[in-house]
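Using UniProt numbering, you'd call the opening residue of the sequence shown number 1 and step up by one each time.
Beta carbons: idealized from backbone N, C-alpha and C, even for Gly.
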Amino acid sequence: MPKGPRGSLAKELIKKFHLDTGKAPQSFSIGIKELWEVPSDQSHPGLVIHTTGWPLDKESFGGGFLYHLNDNKIALGLVVGLDYSNPWLSPFQEMQRLKTHPSIRKYIDRGKRIGYGARAINNGGIASMPDPCLPGGLLIGCNAGTLNASRIKGIHTAIKSGMIAADAIFNALLDNRKNDILTEYQTLLRQSWLWQELENGSNFKPWFKKGRVIGFIMTGIEHWLLPRMGIKKIPWRVKNNRPDNITLQPANKSQKKLYDKPDGKLTFDILSSVYLSNTWHDDDQPVHLKISDQNIPISINLDIYGGPEERYCPAGVYEFLQDSETQNMRLQINSQNCIHCKVCDIKDPKQNITWTTPEGGNGPNYTGM
């Protein structure tokens, strides 16, 4: 079952079959990415830049990336851990701020933005991986939590998990087995290079959740010192201790963040960004973002946390508006803007928002991303 991080079907199956029993809570980040076309003198194919720290505050996990591609293209973006505590933080706006840093600006200030997208990333490590075996199915890829958080890479691990699943299924067919749970899949996973890679990167985000200084020190020990001492397997494991949806502090106890207005050249607003994602939904289809309790968005999210869905959503889906008749505040859901990042399903404080599959395969149609 390869549905990516926070797969809507996998979420239900994990709950139904208790696949996360005894596991640490999964931890997620949001990755926001832009594609730029730049003049040839600003293009350096093969150059890779990774950043940490600014523009994020010291309490927030994350970092930036900039990849020089062929044909004068640059892919750049920002990863922000969804365990952040300040409800005024906007991952989208932090991404716009990143581009104003001189080390980033110098590569794109004469270019043109041609693509935009965002997606949740699971990076809780091995301790947060659910049991991948269930009646009638197997979890593979990011559904199973196979992304290597320390490298921000998951395509190769997802492919490998699919290959291992195919081996387990093929072996069962050869043995004419039926109606059993393919536990061999988990055995083969643990025997593969994939498991070793995940073990080596499993502590990356949990360490940084203890602070940036501790994160740097322990990552250096695990990825530089231990290998040079001949220690191939990290002798300890750090676990995520709470889900991302309960980490927000009340708005009145958090420092409000004020972001500059976009200049339309280097920094942009959300709606012009969503336009570049080629997102499309039928206007008359049912809203695919389901609210369980209609009172919670106002009585809790807005009154206590300042309406964080307006800021954690990178597509402008959620707006708090004043009702023209009652003068009361209400939550407006612009589901046609949704780029299927799944962040609302993850970060909503009371888990009151459920992302469901829209009609007809509608959604973003990324080009070159």
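- prompt: When DSSP labels each residue in this structure, what does ALA118 get in the three-state scheme?
  reply: Looking at ALA118 - three-state DSSP - the assignment turns out to be strand.
Inter-residue CB distance, CYS341 and GLU309 (contact presumed, cutoff 8 Å): Actually they are not in contact, since the Cβ atoms of CYS341 and GLU309 sit about 12 Å apart, beyond 8 Å.
- request: Keeping to the same chain, check which residues put their C-beta closer than 8 Å to that of ILE181; ignore five residues upstream and five downstream.
  value: CYS133, LEU134 and PRO135
message: I'd like the ranges of any alpha helix (DSSP H) spanning at least 4 consecutive residues and lying wholly in the stretch 110–194.
response: Counting whole runs of 4 or more residues, the stretch 110–194 contains the alpha helix (DSSP H) stretches 155–174 and 184–191.
query: For LEU9, which beta-bridge partners are listed by DSSP?
result: Looking at the DSSP assignment, LEU9 forms no beta bridge with any residue, so it has no partner.
query: Along the chain, which unbroken stretches of the beta strand (DSSP E) at least 3 residues long are found entirely within the stretch 247–327?
result: 289–291 and 318–322
- prompt: In chain order, what residues of the same chain lie with their CB nearer than 6 Å to the CB of GLY53, ignoring the 5 residues before and after it?
  reply: none
- prompt: So, is VAL48 buried or exposed, given that buried needs 16 or more other C-beta atoms within 10 angstroms?
  reply: exposed
- prompt: LEU198 by DSSP, collapsed to three states: which one?
  reply: helix
message: Can you tell me which residues form a DSSP beta bridge with VAL238?
response: DSSP output for VAL238 lists no bridge partner at all.
message: With distance defined between alpha-carbon atoms, name the residue in LYS3, THR326 and TRP88 nearest to ILE121.
response: A check of alpha carbon separations from ILE121 across LYS3, THR326 and TRP88 identifies LYS3 as the nearest.
field: ILE214, buried or exposed, once every other Cβ within 10 Å from all chains shown has been counted against 16
entry: exposed
query: Looking only at its own chain, which residues have a Cβ that is under 7 Å from the Cβ of GLU184, when we skip the five neighbours before and after it?
result: ALA168 and ASN171
query: Over what stretch of residues does the beta strand (DSSP E) that includes ILE353 continue unbroken?
result: DSSP places ILE353 inside the beta strand (DSSP E), whose first and last residues are 353–355.
- prompt: Buried or exposed: ASP41, going by 16 or more other Cβ atoms within 10 Å of its Cβ?
  reply: exposed
- prompt: With a Cβ-Cβ cutoff of 8 Å, do SER60 and ARG311 count as a contact?
  reply: no
field: GLU37, enclosing alpha helix (DSSP H) - first and last residue
entry: From DSSP, GLU37 is part of no alpha helix (DSSP H) but of the beta strand (DSSP E) over 28–37.
task: Helix, strand or coil for ARG360, going by three-state DSSP, please let me know.
output: With the sequence shown as reference, residue 360 is identified as Gly, and Arg is not the correct amino acid for it. Helix.
From PHE208, GLY162 and PHE28, residue whose alpha carbon lies closest to that of SER192: GLY162
message: Between the alpha carbons of GLY77 and ASP284, how many angstroms are there, rounded?
response: 33 Å
- prompt: Buried or exposed: which applies to ASN179, given that a residue is buried once 16 or more other Cβ atoms fall within 10 Å of its Cβ?
  reply: Exposed, because fewer than 16 other Cβ atoms sit within 10 Å of the Cβ of ASN179.
query: Any chance the stretch 327–336 sits against the stretch 115–129, with 3 or more Cβ pairs inside 8 Å?
result: no
task: Would you tell me roughly how many angstroms separate the C-alpha atoms of SER324 and ARG330, rounded to the nearest one?
output: 10 Å
task: Could you tell me which of PRO297, PHE92, LEU69 and ARG228 sits nearest to TYR259, measuring between CA atoms?
output: Minimum Cα distance to TYR259 is reached at PHE92.
query: Can you give the Cα-Cα distance for ILE231 and GLU197, rounded to whole angstroms?
result: Approximately 14 Å between the Cα atoms of the pair.
task: Quick one: give me the first and last residue of the alpha helix (DSSP H) that MET218 is part of.
output: 212–220
query: In chain order, what residues of the same chain lie with their CB nearer than 8 Å to the CB of ASN70, ignoring the 5 residues before and after it?
result: The beta carbon of ASN70 is closer than 8 Å to those of PRO45 in its chain, skipping five residues each way along the sequence.
message: Measuring only the C-alpha atoms, how far is ALA127 from ASN240?
response: 8 Å
- request: Mind checking who LYS73 pairs with in its DSSP beta bridge?
  value: GLU37
task: Name the residue from ASN245, PHE65 and ASN123 whose alpha carbon lies nearest to the alpha carbon of SER103.
output: PHE65
task: Per DSSP, which residues does ARG228 bridge with? Please list them.
output: None; ARG228 has no bridge partner.
query: How many whole angstroms separate the CB atoms of LEU289 and ILE353, which I take to be in contact at a CB cut-off of 8 Å?
result: Right, the Cβ-Cβ distance comes to about 6 Å (below 8 Å), so this counts as a contact.
- prompt: Which one of TYR318, ASP282, GLU12 and SER273 has the shortest CA to CA distance from GLY360?
  reply: ASP282
message: Quick check on GLN327 - is its C-beta less than 8 Å from some C-beta in chain D?
response: Although the question refers to chain D, the structure presented lacks it and comprises just one protein chain.
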